[in-house]
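Count the sequence shown with the working numbering and you get residues 1 to 321, in order.
Below is one structure, written out as structure tokens; the observations come after it.
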Amino acid sequence: MRILRTPDDAADHLLDYPTNRRYVSVPSGDGQDLRVHLVDAGDLAAPPVVFLHGNPSWSYLWRHQIRAAVDAGYRAIAPDLVGMGLSDKPSEMVDYSVARHVGWMRALLFEQLDLSDISFVLHDWGGIVGMRLTAEQPERIGRMVISNTGLPWRDITEPLPAVIRPSGPLADFQAFAAAVPDWEPWTLLGMTMHSVPTSELEMAYRVPYPTQNLTVGSRAFTQLLPTRPDNPMYPDNYEAWKVLDTFTKPVLTIFSDKDSVAPDGWRPIVKRIPGASGQPHAILEGGGHFVQEDLPEQYTETLMSWLGDAGERPLATVGSQ
Numbered sequence: 001m002r003i004l005r006t007p008d009d010a011a012d013h014l015l016d017y018p019t020n021r022r023y024v025s026v027p028s029g030d031g032q033d034l035r036v037h038l039v040d041a042g043d044l045a046a047p048p049v050v051f052l053h054g055n056p057s058w059s060y061l062w063r064h065q066i067r068a069a070v071d072a073g074y075r076a077i078a079p080d081l082v083g084m085g086l087s088d089k090p091s092e093m094v095d096y097s098v099a100r101h102v103g104w105m106r107a108l109l110f111e112q113l114d115l116s117d118i119s120f121v122l123h124d125w126g127g128i129v130g131m132r133l134t135a136e137q138p139e140r141i142g143r144m145v146i147s148n149t150g151l152p153w154r155d156i157t158e159p160l161p162a163v164i165r166p167s168g169p170l171a172d173f174q175a176f177a178a179a180v181p182d183w184e185p186w187t188l189l190g191m192t193m194h195s196v197p198t199s200e201l202e203m204a205y206r207v208p209y210p211t212q213n214l215t216v217g218s219r220a221f222t223q224l225l226p227t228r229p230d231n232p233m234y235p236d237n238y239e240a241w242k243v244l245d246t247f248t249k250p251v252l253t254i255f256s257d258k259d260s261v262a263p264d265g266w267r268p269i270v271k272r273i274p275g276a277s278g279q280p281h282a283i284l285e286g287g288g289h290f291v292q293e294d295l296p297e298q299y300t301e302t303l304m305s306w307l308g309d310a311g312e313r314p315l316a317t318v319g320s321q
């Protein structure tokens, strides 16, 4: 495995990005170590809130929520997934898989940082990684907040939904992402936000990719989308759901009404996870897929209000939003 690196000082000019940042090494799975970059802010002894992003974002996505969490007395931890942000980037598409992403974050959060009573805040691919980790070691997780994501699984007796069939729109997007000579991850913001991203915001999302070869991790994520019935994450997700179906700790969904990527991802979460019952689930109006960028104040207020309430609500019959 050949490892690429974005320069350590690439984000130093971003005035709104937290400065409490460091690197932690985890095994690559191929006999080497990978450096994972993370924001780690607040009192190290405080309850940890762990923010996991997806594609094409990085820990910068959570800058508003990180500040709010620290101000509220939490330890805020926001890693860059391997291949993203300022974390190390294996150089080949085949170096990446969902199982490896789960393993890299397991090594960081559970083995190196040895966190417990985690409040997970999950978005996009971070939702898949975080829910898989929750299913692996539920005793470490205190609660989850899940936004614009889901944990896809497949009943082999059912046909694939049209949107994710090999001839569907996600497969078309995969083919484009694989074939385009220059992959520009930051352009996905404009495609999936409801508001128009400012030039400053777009530049911040370009920071991890000063050269084209550093975009490999983002491009690889597009090829992991579940557009084939034999997608290797389906069996692992199916097993994870067996645990999540019994997870009674508090779970909140904060979605947005203009999301075109995972608009219905909340439904199985609210229906199936016992800890989601009776919670004040929210669908924020006017937000696209990157609701944290479209509606930073509303998203942060909804999140912090629930965390401040400890998510402690009596379990009731699971219903819909």
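Note that the Cβ used here is the ideal one computed from N, Cα and C, for glycine as well.
Is residue i helix, strand or coil when you go by DSSP?
i, result
"residue 149", "coil"
"residue 178", "helix"
"residue 49", "strand"
"residue 299", "helix"
"residue 294", "helix"
"residue 359", "Absent from the model: residue 359. The displayed extent of the chain is 1 to 321, so no value can be given."
"residue 40", "strand"
"residue 282", "strand"
"residue 7", "coil"
"residue 31", "coil"
"residue 2", "coil"
"residue 141", "strand"
"residue 115", "coil"
"residue 253", "strand"
"residue 25", "strand"
"residue 15", "coil"
Near residue i, which residues of its chain fall below 6 angstroms by C-beta distance, leaving aside the five closest residues on each side in sequence?
i, result
"residue 134", "141"
"residue 17", "11, 60, 63"
"residue 48", "75, 77, 115, 118"
"residue 289", "148, 192, 259, 261"
Thinking C-alpha only, which one of the options is nearest residue i?
i, options, result
"residue 209", "44, 273, 58, 107", "58"
"residue 302", "274, 252, 6, 258", "252"
"residue 268", "238, 287, 288", "238"
"residue 41", "24, 73, 82", "73"
"residue 284", "115, 255, 85, 292", "255"
"residue 6", "84, 28, 25, 50", "84"
"residue 55", "189, 287, 99", "189"
"residue 218", "300, 305, 281, 80", "80"
"residue 93", "53, 3, 15", "3"
"residue 274", "249, 13, 282", "249"
"residue 264", "298, 152, 280", "152"
Closer than 7 angstroms by C-beta to residue i: which residues in its own chain qualify, once you throw out the five before and the five after it? Chain order, please.
i, result
"residue 296", "64"
"residue 225", "170, 174"
"residue 215", "183, 185, 209"
Ignore the nearest five residues each way along the sequence and tell me which others in residue i's own chain have a CB closer than 8 angstroms to its CB.
i, result
"residue 25", "33, 34, 35, 36, 112"
Run through the segment 198-245 for me and flag every whole alpha helix (DSSP H) of 4 or more residues, listed as ranges in chain order. 199-206, 216-223, 233-244
Length-filtered (3 minimum) beta strand (DSSP E) runs lying within the segment 60-109: 75-79
Quick test of the definition: if touching needs 3 or more C-beta pairs under 8 angstroms, does the segment 73-84 touch the segment 146-154? no
Three or more C-beta pairs under 8 angstroms: does that hold for the segment 111-126 against the segment 225-232? no
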